[in-house]
Every structure is written in structure tokens, then in C-alpha cells.
Ligand code: NDP
Ligand code: 8X3
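Residue numbers (my numbering): 37 to 291.
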């Protein structure tokens, strides 16, 4: 496949694990300079060291909480380079309780990260893209942004919001050459479920038991493909599930 990405600067939020980390690896392999963010500073410096040893690319890191709007503003003020590709990936699910039983703090964490954090970064990065008439914003949505399921009242709402934000952002930038896309995965085995179940690893493992889930690399390959299309091609959304999954609750498991 033709590489149209070499030399581009890519900002990835939530690059300390899972899909964001795989995106960092695959975009570095494609010759992109990276700016990686997340809260875990130790992981960011480890990842930066590993990728700079392996690939001839520049890697910058910034550790901050995407829920903190001032921290986001300070981070963007430090950026020297123009961002060619923004991958809005940082996000989480907390809990699977029904609406009448769920924890308010869990709701705040999801809304503040998945919706407000993504919006803040987009608000801060998109003006320069618009001014340069060039750039690509790729949001990580979810099948939960296409189908609401029980126990996912707020997580599904946040991912439906990501779908709406993607569509409105595309329309707000209509007439410019800035591209806006989304990738919407089903079950991907990362740290996602451990975090959703507040650290209960057995419960997290049971989500993927006997069903051959997607990997973070599967999704990063699709993000890379989306970014690597010719400049006149804008993929709006890619909905992707493991073959053993047909909807949020239809998951085939081997005995
Ligand atoms: P991981 O838990 O492995 O990665 C989540 C990333 O988000 C981490 O790098 C984490 O960094 C970062 N993050 C979370 N909260 C914050 C915060 N407040 N401030 C800054 N960074 C934050 O999960 P995934 O890789 O699976 O998830 C990535 C995205 O993919 C999420 O948006 C998720 O909703 C979405 N997704 C996941 C699916 C799955 O089944 N796994 C399926 C569909 C979509 P740190 O902890 O260092 O801050
Ligand atoms: C993560 C996939 O099915 O847990 O977005 O909502 S699911």
C-alpha cells in the first residue's frame, strides 16, 4: 500500500495502552512524528524510548488529565509543530449498572473524558487545521455509539455523542480540506474491561472468554488505513466487530 503518511505529525490521546499505544506503534512504523498523551508519565517515557530506538521519528509526550481543561490548554500552547492528524482515542467505560443503580462518579468520569475531553482537544487543535486548510481528525467511537445496551446507559450515550460530534465536526469544516472520520469497534481486548470493572481482572477476562476478540492492532490498522487514504477521500465511519460478535449482546462463545 502506498505510504502517504511519512513525515506527518500525529497527536494521539490515550497512548499509554491499548488502541492508542498500537496506533503509536503503527504510525511510527509508517514514519510519522508523534505526540503522545495520557496520565501515566512513566508509561509515556517508556513508550517514547522504545519507539525512538526502533524508528527514526520524533516523539514528544505530555502527561495530563484530559478532563482538566486548563491542562489541555497549557498542553496545546506548548506544541511547536502543526498537527496533521489528531487521533481522539482517550476514553473509558466505568461500571455496567442500570440507570436506577449506577454511580454518579462513574458517569462523570465517562462524560468528562469521552465527550468533554474529546471536545476540548478538538476545539483547541481544529482552528489551526482550518486555517491551514489541511488536517485529519479521527475519533475513536464504538459500536456502543450505534447501539445502546443494558448496563451501558452512560457509556453508550457518550459514544453516541462521539458519533454526533464527528458528524457535526465534518459539517462545521465543510468546504475545507480538513478530514473528519470515526472508527467504531466492538469488543477489543485491552485494559478497557479491567477499568470498566474497577480492577476486577477475572470479571474483565470473562468478557472475552471463548470468543476471539479484536486486538488493539486490528483497530490501529484501520485507523492507519483511514489516515492513509488520498486527500480527497474521507472515510466517515468504520464499524468493526470480531466475527464472533453480531451485536452488543450477541456474542458466540466456544465451550
Ligand atoms: P485502554 O484502557 O487500554 O486505553 C485507554 C487510554 O485512554 C489510556 O491510554 C488512558 O491513559 C487514556 N485515558 C483514559 N482516561 C484518561 C484521562 N482522564 N486523561 C487522559 N487520558 C486518559 O482502553 P482502549 O484502548 O480499549 O480504549 C481506547 C478507546 O477505544 C476508548 O475511547 C474506548 O472507549 C474505545 N473503545 C474501546 C473498545 C474496547 O472494547 N476495548 C471498543 C470500542 C471503543 P492513562 O490511563 O495513562 O491516562
Ligand atoms: C467498547 C465495546 O461493547 O463494551 O466500546 O461497548 S462495548
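Quick reminder that beta carbons are idealized off the backbone N, C-alpha and C, glycines included.
- Message: The alpha helix (DSSP H) that contains residue 186, what's its start and end?
- Response: Premise fails: residue 186 is in no alpha helix (DSSP H) and is neither H nor E.
- Query: Around the C-beta of residue 110, are 16 or more other C-beta atoms found within 10 angstroms, so that it is buried, or is it exposed?
  - Reply: exposed
- Item | Coil, strand or helix - residue 193 by DSSP | helix
- Message: On the criterion of 16 or more Cβ atoms from any shown chain inside 10 Å, does residue 61 qualify as buried, or is it exposed?
- Response: buried
- Query: Under 7 angstroms from any heavy atom of ligand 2, does the C-beta of residue 233 make it?
  - Reply: no
- Message: Runs of 3 residues minimum, wholly inside the stretch 115-174: which ones carry the beta strand (DSSP E) assignment?
- Response: Fully enclosed beta strand (DSSP E) runs of no fewer than 3 residues occupy 121-124 of the stretch 115-174, in order along the chain.
- Sequence-distant residues of its chain with Cβ nearer than 6 angstroms to residue 177 (five each side left out): 195, 198, 199, 218 and 220
- Rounded to whole angstroms, how far is the Cβ of residue 74 from the Cβ of residue 45, which I believe are closer than 8 angstroms? Contact check for residue 74 and residue 45: beta-carbon distance about 18 angstroms, past the 8 angstroms limit, so the pair fails to qualify.
- Task: Tell me whether residue 55 sits in a helix, a strand or coil according to DSSP, three-state version.
- Result: DSSP places residue 55 in helix when its eight states are reduced to three.
- Task: Specify whether the stretch 125-142 and the stretch 150-157 touch according to this definition: at least 3 beta carbon pairs, one from each stretch, less than 8 angstroms apart.
- Result: yes
- Check whether residue 256 and residue 59 have beta carbons under 8 angstroms apart: yes
- Query: From residue 90 to residue 139, what distance separates their C-alpha atoms?
  - Reply: 43 angstroms
- Mind checking whether the beta-carbon of residue 97 lies closer than 7 angstroms to any heavy atom of ligand 1? no
- Query: In three-state terms, what does DSSP make of residue 73?
  - Reply: strand
- So does the stretch 272-281 actually touch the stretch 199-218, counting three or more Cβ pairs closer than 8 angstroms? yes
- Task: Buried or exposed for residue 114, please, with buried defined as at least 16 other CB atoms from any protein chain shown within 10 angstroms of its CB.
- Result: By the neighbour-count rule (16 or more Cβ atoms within 10 Å), residue 114 is not buried but exposed.
- Say whether the stretch 92-101 touches the stretch 160-167, bearing in mind that this needs 3 or more beta-carbon pairs closer than 8 angstroms, one atom from each stretch. no
- Message: Just to confirm my understanding: we take residue 225, look at its own chain, exclude 5 residues before and 5 after, and list those with CB closer than 7 angstroms. What are they?
- Response: 244, 249 and 251
- Message: Spatial neighbours of residue 166 within its chain, please: C-beta separation below 7 angstroms, excluding the five flanking residues on both sides.
- Response: 209, 212 and 214
- Roughly how many angstroms lie between the CA atoms of residue 171 and residue 121, to the nearest whole one? 6 angstroms
- Within 10 angstroms of the Cβ of residue 54, are there 16 or more other Cβ atoms? Answer buried if so, exposed if not. buried
- Pick from 247, 277 and 265: whose alpha carbon is nearest that of residue 291? 247
- Item | Distance, residue 174 Cα to residue 216 Cα | When rounded, the distance between both Cα atoms is 6 angstroms.
- Query: What residue does the beta strand (DSSP E) around residue 275 start on, and which one ends it?
  - Reply: 273-276
- Contact test: residue 54 Cβ vs ligand 2 heavy atom, cutoff 7 angstroms: no
- Item | Three-state class that DSSP yields for residue 295 in the structure shown | Any answer about residue 295 is impossible in this case: the structure gives the chain only from 37 up to 291.
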